[in-house]
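There are 4 protein chains.
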Amino acid sequence: MSNKLTHEEQEALVISEDPEHPANLISELCREFYKLGWVTGTGGGISIRQGEHVYLAPSGVQKERIKPEHIFVLPFAQSSVPKPGSKRDFLRIPSKKGLTESQCTPLFWNAFTMREAGACIHTHSQHAVMLTLLHPRDAQSFKISHQEMIKGVRIGGVGKTLSFFNTLEIPIIDNTAVEEDLTESMAAAMEKYPDAPAILVRRHGVYVWGNTWEQAKTQSECLDYLFEIAVKMLLAKLPLVGDN
Amino acid sequence: MSNKLTHEEQEALVISEDPEHPANLISELCREFYKLGWVTGTGGGISIRQGEHVYLAPSGVQKERIKPEHIFVLPFAQSSVPKPGSKRDFLRIPSKKGLTESQCTPLFWNAFTMREAGACIHTHSQHAVMLTLLHPRDAQSFKISHQEMIKGVRIGGVGKTLSFFNTLEIPIIDNTAVEEDLTESMAAAMEKYPDAPAILVRRHGVYVWGNTWEQAKTQSECLDYLFEIAVKMLLAKLPLVGDN
Amino acid sequence: MSNKLTHEEQEALVISEDPEHPANLISELCREFYKLGWVTGTGGGISIRQGEHVYLAPSGVQKERIKPEHIFVLPFAQSSVPKPGSKRDFLRIPSKKGLTESQCTPLFWNAFTMREAGACIHTHSQHAVMLTLLHPRDAQSFKISHQEMIKGVRIGGVGKTLSFFNTLEIPIIDNTAVEEDLTESMAAAMEKYPDAPAILVRRHGVYVWGNTWEQAKTQSECLDYLFEIAVKMLLAKLPLVGDN
Amino acid sequence: MSNKLTHEEQEALVISEDPEHPANLISELCREFYKLGWVTGTGGGISIRQGEHVYLAPSGVQKERIKPEHIFVLPFAQSSVPKPGSKRDFLRIPSKKGLTESQCTPLFWNAFTMREAGACIHTHSQHAVMLTLLHPRDAQSFKISHQEMIKGVRIGGVGKTLSFFNTLEIPIIDNTAVEEDLTESMAAAMEKYPDAPAILVRRHGVYVWGNTWEQAKTQSECLDYLFEIAVKMLLAKLPLVGDN
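What follows is the structure, encoded as C-alpha cells:
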C-alpha cells in the first residue's frame, strides 16, 4: 500500500453533499438492493469507477447499513494487477477498525479492465441461483429470447442495446470456495462470450456491469427480471428460446 | 416542433407545489410502480392528459428517479397524428440533455383519442407477461369471470364498472421490435374489443387507461391482481371462467 | 339521516393529534394493508368501533390515500338495523363531494353486534381467495391444525386464544353481486360457526374481527399467514389437518 | 423478583439517544423483521445480551410497534435457572400495564448460556415452517451444501464461518403447546448438534443466535435465504446436498 494522502484529503474522497457522489451512491444503492433481496446476509454489493478512482464497499458487513465513511478508494491504475490475495494500492482506507476491502475486488476489476465498465454489481439474487440450479450440471450458458426486457440489456454490457428478436446468452461458471478465486474463470468466460452483459456463478449469484452506475443498475434489474421469469418458465415447462 | 412558449412559461407547466399536479403525480406514481415491480429497468410508466395538455415521462430513464423537471408537455391537439417516428408538437421539452419523450407516446395517444382517457399506464408486470406465456400461441384474448376484483374494472376502461358475474375479456397482441410499432395493432384491438379496459402485449406487458389517473391506477391494480391470480389458477389447472 | 351536530362538532370527531385516534388509525392502517396487498384497487378496509361511535372509510376510493377528514362517523345504535340499501344514521359525513360510506357497512355491523367486536377488517388477500379456489366447490369451511400461528387466533375472534393442538375452522360463504348482499349469509355463518374468528368469501376475500383494532389486525396477520401456508401445502399435496 | 433499582435508574437502562443501544435496536430490528414476514401477528422477536444485562421484548404485542420503554431488562446471572414458569429476576419491568416478558425467555437463555451468544432471534418465517413440512415426519435435521450463502453461517453460530463445500446441518425439533416447553428439547438438540447455528421447530419457526446482534441478524438472513431456496429445490425435486 502506497497511500500518501493526508487524513483530510482521504476524507474528502468520500464525504460529499452531492447525492450522486460514488460514496453516497454506494450507500444508497446497497440499501435499495437489500430491499430487493440482492445483498442480504452481507453478500453482494456494487463498485463504482469514476475516472481514475475506484470506490469499494467493505467485505462482510451489513450492506444496507454502509455509510460513506466506510468506503475504500483505490487508484484504478494499480502498481500490479490486483490479483487474488495480492496487496493493493489504496487512496483511502476507512478508519473504522476491522474493515477490509470487498472480496469481489478482483472480479470488479475484470469488468473495469476488460469492458471499461464504470460500475459493477454483484448480487446473490435467488432468481439467479435458482436459474443455475435448473440448468443441467454441464450447461455452459443461459439463453433466452423474445422478451421485452431483453431490450434493456447492452451487448457486452457496454455496447448497443439488444433487440427483442436477439437471443441473450450469459455464461455460467462454477463457484469456488474463495470468492477471489473466481477471478480467472470469470475473465475466461468474458473472453469466450464477448457479447455477454453478465456472468452467472452457479449456486452463488451474478456479476453485472455497465458504462455507468445507472446502466449497471438498470441492466441488473432487466437481467434479474429475466432470471425470475426464466425460472417460472422452466418450472412451467415453457421453452426459453423461440416464440411458440 | 412548434414551441413558442418562453422558458419561464415552459417551467411553469411542470413546477408546482400541488402534489396532484401531473408532473408531481407522474414522479410519485412511478416511484410507487417501481416498488410493485411494474417499471423496473426503465420500462413502463404513466402519461396523464389534463384538458389540452399531455404530460409524458422521458424514454429509457430510471422511472423511480424521475423529477418534475424531466417531464415533457405536449398539446393534446397535434398538428398531425403523432404516428411512430413522426415529429410531434411540444409545449415543453426538458432542458436536461439527452432526454427524449417516452417511446410509448403513440400508444398513450390511442387511449386518449379512442377512449377519451385522462391517463394511461404501461407496465412490464411479470404477472401480465406470464399470463400471455401460459396462453396458447394463437390465443386472441384472456378471459376471466367470478372474481370480486373484476368489479373494480370499467367497461372499455372508462364506462360503468363490471359486475361479479361478467366475464372480463382483454385482447392479447403480439410484440414488435420497436415499441412504437405496436400503435396500429393496439388500435385495431381496441376497435375489435370496445369493452376491453386494457391491451395485453405478448412477452411484453400491458396498457391500461381510465378517465382519470386515479381510475387508471386502481384499474391497473385490479387487473394486475387478476393477472396474478389467473397465473396461479392456470398453474393449478383451475378454469378461469365459470364458478366450478 | 338525523345529523344534529354542528360542523365544528363533526370535524372534532375525526381531527386529532393522537395517532391512536380511530380516524388516524384507519388512515395509517389502510396504508399498511395496501403494502401487504390486502386493499389494492380500492378493495377492503377496516372499521373501528369505539364505544358508541363507529368509524368508517368511504367506498371505492384508494385506501392507501385516505385522510382522517374522509372518515364517516356513525352512532353504533342505529334507529333501524343498517340493512343493505337502508338509510343510516350519521354523526359525521365528509364534506368532500361524492363520498359514500363503505359498502361493507352492514358486514362490519355483523361483527359489532354478533361478536361485540371493536374492529373489523376486510381484505382481498390473494391467499384467502386462492384458498377458497383450491377447496371443492361445495366445501363449507376451511380447517387447519398443528400450526404455531393458530395460537394467535381467538375463539370466535374475541374469546380465549386457540392452542397449537386445536383445529381452526373458518366457514366459506358464496360471493354475491353486491357486497351488501353478503350480510345475511355472513350472519348465518357466524351463527352456525360461533367459534370461527373470521368468514371467508369465495372468490372474494375475508372478514376478520377482534375486541380491539390491535386484536383484529394481529388476527388478520395470523390468518393471512395460515391462508398462505395452507395454499402452499395444498399445492404440495400436504394435509392441512393432523401432524403427519 | 429482586428489583432494587430506583425508577430513574430503571428508565436509564432503556432510554438512550444511541441508535445502537439494545432497547433502540430491538425496536428498530423488530420493525425490519416485520417487513420480512418474520414476526407478524405478534410472533417472533429478538433478545440482546450486553455483558450482564439481557434485553427482552414483551410477549404477545405487535412487534413492529415496540418502543424502547416497553423493553424488559434482566440480569444475565439469575438467582435460579430461568426455567419455564419459574420466577425471574428483573432489573427493569415496563410500567405499561399488562406487559409480561417474552415467552421465548428460557429459549433465548439456552443460546446465551450454551453458546455464550450475544443475541438470539426467533422467527415464524414461512420458509422455515414450509421446510419442516416438506421433511419426512421423523427427520431429525435439515442438511444443505454447495450454496454460497452457507459461507455467511458460523460453526455453532459463534465459531468460524463455514466453507462453500461444508454441509450445513440444522436439527428439527417438535413443537409444543406452550413455547416455554421447548426449552429442554432445544437444549438437547444444541448438545447433540454442537456445530448447528440454529434450531428449527417443526410447524413453528426457527431460533438463530450469534456473538453479536449483527451476527445473529446476518446469520438469520443467510439461513432464511437457504430455507427459502431449499423449499424451492425440494418442490422442483432437486437434491439439497451435493453438486449435481
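Chains as they are written, first to last, in UniProt numbering: chain A, 1 to 244; chain B, 1 to 244; chain C, 1 to 244; chain D, 1 to 244. Here a beta-carbon is modelled for each residue, glycine too, at the ideal position from N, C-alpha and C. Here the structure is a predicted model, which means the values were calculated and not measured.
Over the uninterrupted beta strand (DSSP E) stretch that includes residue i, give me the two end residues.
| i | result |
| --- | --- |
| residue 272 (chain B) | Nothing can be reported for residue 272 (chain B), as the shown portion of chain B is limited to 1 through 244. |
| residue 74 (chain C) | 72-75 |
| residue 119 (chain A) | 119-123 |
| residue 209 (chain D) | 205-210 |
| residue 49 (chain B) | 45-50 |
| residue 53 (chain A) | 53-56 |
| residue 141 (chain A) | 141-145 |
| residue 177 (chain A) | No beta strand (DSSP E) contains residue 177 (chain A), which DSSP labels as neither H nor E. |
| residue 201 (chain D) | 198-201 |
Would you call residue i buried or exposed, if buried means 16 or more other Cβ atoms sit within 10 Å of its Cβ?
| i | result |
| --- | --- |
| residue 126 (chain D) | buried |
| residue 7 (chain D) | exposed |
| residue 20 (chain C) | exposed |
| residue 244 (chain B) | exposed |
| residue 154 (chain D) | buried |
| residue 27 (chain C) | buried |
| residue 111 (chain A) | buried |
| residue 136 (chain C) | exposed |
| residue 210 (chain B) | buried |
| residue 242 (chain B) | exposed |
| residue 51 (chain D) | exposed |
| residue 179 (chain A) | buried |
| residue 88 (chain D) | buried |
| residue 115 (chain A) | buried |
| residue 167 (chain B) | exposed |
For the alpha helix (DSSP H) holding residue i, just list the boundary residues, first then last.
| i | result |
| --- | --- |
| residue 183 (chain A) | 183-192 |
| residue 26 (chain B) | 22-35 |
| residue 220 (chain A) | 213-235 |
| residue 12 (chain C) | 7-12 |
| residue 269 (chain B) | An answer regarding residue 269 (chain B) cannot be provided, because it is not within the stretch 1 to 244 covered by chain B. |
| residue 162 (chain B) | Per DSSP, residue 162 (chain B) belongs to no alpha helix (DSSP H) and is neither H nor E. |
| residue 107 (chain A) | 105-114 |
Suppose the cutoff is 8 Å on Cβ atoms and the five residues either side in sequence are ignored; what does the same chain contact list for residue i look like?
| i | result |
| --- | --- |
| residue 91 (chain B) | 3, 5, 10, 13, 53, 73, 74 and 75 |
| residue 15 (chain C) | 23, 68 and 69 |
| residue 169 (chain D) | 141, 142, 143, 193, 195 and 196 |
| residue 203 (chain D) | 129, 132, 133 and 175 |
| residue 225 (chain B) | 149 |
| residue 96 (chain C) | 69 and 70 |
| residue 152 (chain B) | 161, 218, 219, 221 and 222 |
With a cut-off of 8 Å on the beta carbons, I'd call residue i and residue j a contact; round off their distance for me.
| i | j | result |
| --- | --- | --- |
| residue 206 (chain A) | residue 216 (chain A) | The pair is not a contact, with the Cβ atoms about 12 Å apart (cut-off 8 Å). |
| residue 220 (chain C) | residue 171 (chain C) | Actually they do not touch by this definition, with Cβ atoms about 17 Å apart. |
| residue 33 (chain D) | residue 131 (chain D) | Residue 33 (chain D) to residue 131 (chain D), Cβ: 18 Å. No contact. |
| residue 236 (chain C) | residue 235 (chain D) | 7 Å |
| residue 49 (chain D) | residue 117 (chain D) | 7 Å |
| residue 119 (chain A) | residue 212 (chain A) | 6 Å |
| residue 185 (chain C) | residue 108 (chain C) | That belief does not hold up - the Cβ atoms of residue 185 (chain C) and residue 108 (chain C) are roughly 15 Å apart, past 8 Å. |
I'd like the list of long-range same chain contacts for residue i, defined as Cβ closer than 6 Å, with 5 residues on each side in sequence excluded.
| i | result |
| --- | --- |
| residue 101 (chain B) | 56 and 72 |
| residue 24 (chain D) | 68 |
| residue 230 (chain A) | 131, 144 and 240 |
| residue 189 (chain B) | 171, 173 and 199 |
| residue 322 (chain C) | Chain C is shown from 1 up to 244; residue 322 (chain C) falls before or after that span and cannot be answered. |
Within 6 Å: the Cβ of residue i and any heavy atom of the ligand GDP?
| i | result |
| --- | --- |
| residue 105 (chain B) | Absence of the ligand GDP is noted for the structure shown, with no ligands found whatsoever. |
Sorted by chain position, which residues of the same chain lie with C-beta nearer than 7 Å to residue i's C-beta, five sequence neighbours on each side aside?
| i | result |
| --- | --- |
| residue 233 (chain A) | 240 |
| residue 181 (chain C) | 84 |
| residue 45 (chain B) | 30, 39, 57, 63, 102, 104 and 122 |
| residue 148 (chain B) | 164 |
| residue 80 (chain C) | 86 |
| residue 42 (chain D) | 60, 61, 62 and 63 |
Residue i touches chain F at which residues, Cβ-Cβ below 7 Å?
| i | result |
| --- | --- |
| residue 233 (chain C) | The structure shown contains no chain F; its protein chains are A, B, C and D. |
- Anything in the segment 4-35 of chain C with a Cβ closer than 8 Å to a Cβ of chain B? List those residues in chain order, please. none
- Message: Which residues of the segment 203-228 of chain A have a Cβ closer than 9 Å to any Cβ of chain B? Give them in chain order.
- Response: 214, 217, 218, 219, 220, 221, 222, 223, 224, 225 and 228
- Message: Please list, in chain order, the residues of the segment 134-157 of chain A that have any C-beta partner in chain B closer than 8 Å.
- Response: 146, 147, 148, 149 and 152
- For the segment 76-88 of chain B, which residues have a beta carbon sitting closer than 8 Å to at least one beta carbon of chain C? none
- Name, going along the chain, the residues of the segment 160-186 of chain B whose beta-carbon falls closer than 7 Å to a beta-carbon of chain A. 175 and 177
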